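Here the structure is laid out as structure tokens; the discussion comes afterwards.
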Amino acid sequence: MILTFNIIFILIILSVLKVVILSFVFSEEIEAAKKKDPAAKSRFEIILLYPGLHALIIYRVAHFLYRRHMFILARLLSQIARFLTGIEIHPGASIGRRFFIDHGMGVVIGETTIIQDDVLLYQGVTLGGSSLEHGKRHPTIGNNVVIGTGAKVLGNIIIGDNSYIGANAVVIKDVPPNSTVVGVPGKITKQDGKKLDVNLDHTHVLDPIMQNIEEIEKRIKDLENNN
Ligand SMILES: CC(C)(COP(=O)(O)OP(=O)(O)OC[C@H]1O[C@@H](n2cnc3c(N)ncnc32)[C@H](O)[C@@H]1OP(=O)(O)O)[C@@H](O)C(=O)NCCC(=O)NCCS
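Written as structure tokens, this is what we have:
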């Protein structure tokens with residue numbers, strides 16, 4: 004009885020210690036989560052329940068190991084984080100300060116991704132490669148960028164500071180700073196706070212393959228008409 008009580012007491016002390024240490028070491032990230040998620044009620048809730056923070060903590064350890072060439076151990080940690088949180092951050096990625104992933108499930112961040120400071124990602128975001136070559140093949144995300152749920156940012160491209168990538172956008176080209184990009188393929192709809200004159204087809208999601216097929220059909224019809 005006394006032994007059980009002692010074990011429970013030690014576990015409580017260890018948990019409190021963990022919360023205290025994490026709230027010091029990751030205070031900036033916790034504050035960023037509190038600022039960027041209106042649903043967050045307290046720092047304690049964030050430490051205890053936010054998968055984005057848990058994935059980031061494990062990533063920081065994995066990245067430390069990766070930089071010391073302990074690749075397998077680093078990947079193992081990253082896979083454990085994926086199992087626990089649904090967020091896969093390659094330990095080779097480079098992530099700046101005050102990074103926050105809201106909800107998180109389904110986020111994938113590739114090996115050569117660079118993320119600068121104050122970036123916010125939502126669930127289902129992919130920062131992926133678009134070629135099988137080695138070397139830098141994932142995006143560079145500037146400071147203060149927000150990437151909406153389900154968006155895919157592919158290839159060695161640069162997303163400029165203070166930009167917004169809309170939910171479900173597919174971005175495959177550089178984006179200048181202070182831009183808003185939406186759609187498939189991503190189109191800039193706002194720059195430096197001004198709306199650009201872009202026709203967005205909101206009733207049909209733009210499909211580049213379908214657009215190519217339509218273009219080919221049109222050319223075949225033109226050729227047939229000319230004969
Ligand atoms: C793109 C986004 C940042 C809005 O930016 P904004 O500058 O406020 O844009 P606006 O609302 O003025 O919309 C600009 C145009 O893009 C369209 N648009 C906005 N978001 C879009 C999206 N994700 N996909 C396609 N079109 C979109 C709007 O309908 C509008 O079209 P219109 O000019 O023809 O009327 C926002 O819509 C978005 O997608 N945020 C992601 C948020 C998110 O993922 N939340 C998840 C919480 S769990």
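Convert by adding 3 to the 1-based position in the sequence shown; the result is the number in the working numbering. All residues carry an ideal CB built from backbone N, CA and C; glycine is no exception. All of these numbers come straight from a predicted model, not from anything done at the bench.
- Here the alpha carbon of residue 98 sits roughly 8 angstroms from the alpha carbon of residue 120.
- With contacts defined as CB atoms closer than 8 angstroms, residue 168 and residue 160 fail to qualify as a contacting pair.
- By the Cβ-count criterion, residue 17 is exposed, with fewer than 16 other Cβ atoms from all chains shown falling within 10 Å of its own Cβ.
- The beta carbons of residue 44 and residue 105 sit no closer together than 8 angstroms.
- The beta carbon of residue 185 sits closer than 7 angstroms to at least one heavy atom of ligand 1.
- Using a cutoff of 7 angstroms, the CB of residue 145 does not count as near ligand 1, since none of the ligand's heavy atoms is closer than that.
- Residue pairing by DSSP puts residue 194 in a beta bridge opposite 182, 197.
- Separation of residue 138 and residue 122 (C-alpha to C-alpha, rounded to the nearest whole angstrom) is 23 angstroms.
- According to the DSSP assignment, residue 226 belongs to the alpha helix (DSSP H) that extends over 211 to 229.
- Between residue 109 and residue 126, the gap from beta carbon to beta carbon is short of 8 angstroms.
- Leaving aside the five residues that flank residue 69 on each side, the residues in its chain whose CB is nearer than 6 angstroms to its CB run, in chain order, 77, 94, 95.
- The residue from 50, 79, 135 with its alpha-carbon nearest to that of residue 65 is 79.
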